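Taking it in order: structure first as structure tokens, then the write-up.
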Amino acid sequence: MSRIASTFSALAARNKKGLIPFITAGDPAPALTVPLMHALVAGGADIIELGVPFSDPMAEGPVIQRACERALKFGIGIRDVLGFVREFREKNTTTPVILMGYANPIERMGQAAFIQAGKEAGIDGVIVVDYPPEECEEFASMMRSHELDVVFLLAPTSTEERIAQVAAIGGGFSYYVSLKGVTGADNIDIQEVKQRIAAIRQYVKLPIGVGFGIRDGATAKAVASVSDAVVVGSRLIQEIENMAADQVEQAVQKAQSFVRSIRTALDE
1 MSRIASTFSA
11 LAARNKKGLI
21 PFITAGDPAP
31 ALTVPLMHAL
41 VAGGADIIEL
51 GVPFSDPMAE
61 GPVIQRACER
71 ALKFGIGIRD
81 VLGFVREFRE
91 KNTTTPVILM
101 GYANPIERMG
111 QAAFIQAGKE
121 AGIDGVIVVD
131 YPPEECEEFA
141 SMMRSHELDV
151 VFLLAPTSTE
161 ERIAQVAAIG
171 GGFSYYVSLK
181 GVTGADNIDI
191 QEVKQRIAAI
201 RQYVKLPIGV
211 GFGIRDGATA
221 KAVASVSDAV
231 VVGSRLIQEI
241 ENMAADQVEQ
251 AVQKAQSFVR
261 SIRTALDE
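No gaps in the numbering here: position 125 of the sequence shown is 125 in the numbering used here, and each next residue is one more.
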């Protein structure tokens with residue numbers, strides 16, 4: 001059983017919902033990434049989603065786009081991101097870490113080389129926005145052979161055929177994008193999310209996490225009432241995006257406090 005599956009199993013046993021905060025590796029400064037990861041856990045994160053900076057993100061709103069740009073100015077690439085995970089694992093061997101990004105860095109490195117390096121660094125899975133399920137069965141199989149998960153996105157527009165494909169090869173959990181648009185929007189229709197998740201569950205037996213547009217404890221709690229986990233990214237990055245490399249304590253405190261506020265709402 002993967003670390004992600006174990007985490008969701010433990011959450012279900014305690015009747016708890018998962019909290020998956022997202023930050024971009026290297027943002028707002030490389031020295032802050034690992035301390036921020038530990039702060040997320042201290043604040044109540046169950047899984048960490050760590051963004052791999054990319055120059056042409058297709059699913060990101062302006063907040064995460066700016067985070068990618070800041071990280072890229074520091075020259076942060078996929079090997080640096082794996083280095084952050086390796087350093088994080090020196091103190092934390094239990095919290096799952098999922099890399100979120102795009103195909104180009106993986107293809108440039110080579111799938112087999114990436115999987116081996118990711119396993120050695122201590123990642124638990126990936127979300128690759130532009131790896132559609134029908135084109136990466138071999139990649140997903142190689143990942144599974146290393147006890148790593150490929151988490152796929154599902155959207156309000158996903159067809160039954162696409163949902164069935166995700167159900168067949170996805171691992172860890174399925175990530176439902178709560179709205180038509182990009183990260184950071186704030187117009188979630190909870191009733192629509194509930195209906196779509198009910199339809200997805202007819203095919204997908206994995207836990208379902210919901211992201212895009214979750215900005216506060218109230219929204220998180222409402223979304224968690226119809227899902228297994230919530231993903232919070234843009235709002236968290238807004239909390240820390242103006243921090244400098246020498247403001248480690250302040251950035252860590254802000255991130256931890258924000259995540260704690262979401263955790264508290266989910267546990268109420």
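In this text, a Cβ means the ideal position worked out from N, Cα and C, and glycines have one as well.
Every value quoted in this text rests on a predicted model; they were computed, and no experiment measured them.
Under the criterion of beta carbons closer than 8 Å, residue 223 and residue 190 qualify as touching, at roughly 7 Å. Residue 45 and residue 21 have their C-alpha atoms some 7 Å from each other. Cβ contact annotation for residue 40 (same chain, cutoff 6 Å, sequence separation greater than five): 21, 48, 259, in chain order.
Here the C-alpha atom of residue 12 lies approximately 21 Å from the C-alpha atom of residue 93. The beta carbon of residue 102 lies closer than 6 Å to those of 54, 129, 130 in the same chain, with the five residues before and after it left out. At a Cβ-Cβ threshold of 8 Å, residue 8 and residue 207 count as neighbours.
Judged by their CB atoms, residue 265 and residue 204 are not nearer to each other than the 8 Å cut-off. The straight-line gap separating the alpha-carbon atoms of residue 138 and residue 169 is approximately 10 Å.
Excluding sequence positions up to five before and after residue 142, its CB lies within less than 6 Å of the CB of 115, all in the same chain and listed in chain order. For residue 40, the three-state secondary structure derived from DSSP is helix.
Here residue 204 carries a coil assignment [DSSP, helix/strand/coil].
If you look at residue 229, you'll find it in the beta strand (DSSP E) that goes 229-232.
Look at residue 84 here: in three-state DSSP terms it is helix. Closest in C-alpha terms to residue 18, from the list 5, 24, 30, comes 5.
Apart from sequence neighbours up to five positions away, the residues of its chain that approach residue 36 with a beta-carbon distance below 8 Å are 23, 240, 251, 252, 255, ordered along the chain. Taken through DSSP and simplified to helix, strand or coil, residue 141 comes out as helix. The continuous beta strand (DSSP E) containing residue 177 extends over residues 174-177. Residue 24 carries a strand assignment under DSSP once its states are collapsed to helix, strand and coil. Residue environment: residue 267 is assigned as exposed (fewer than 16 neighbouring CB atoms within 10 Å of its CB, all protein chains considered).
Following the DSSP letters along the chain, one finds residue 125 inside the beta strand (DSSP E) bounded by residues 125-128.
Shown here for residue 153: same chain residues with a beta carbon closer than 6 Å to its own, the five before and five after excluded, namely 175, 177 in chain order.
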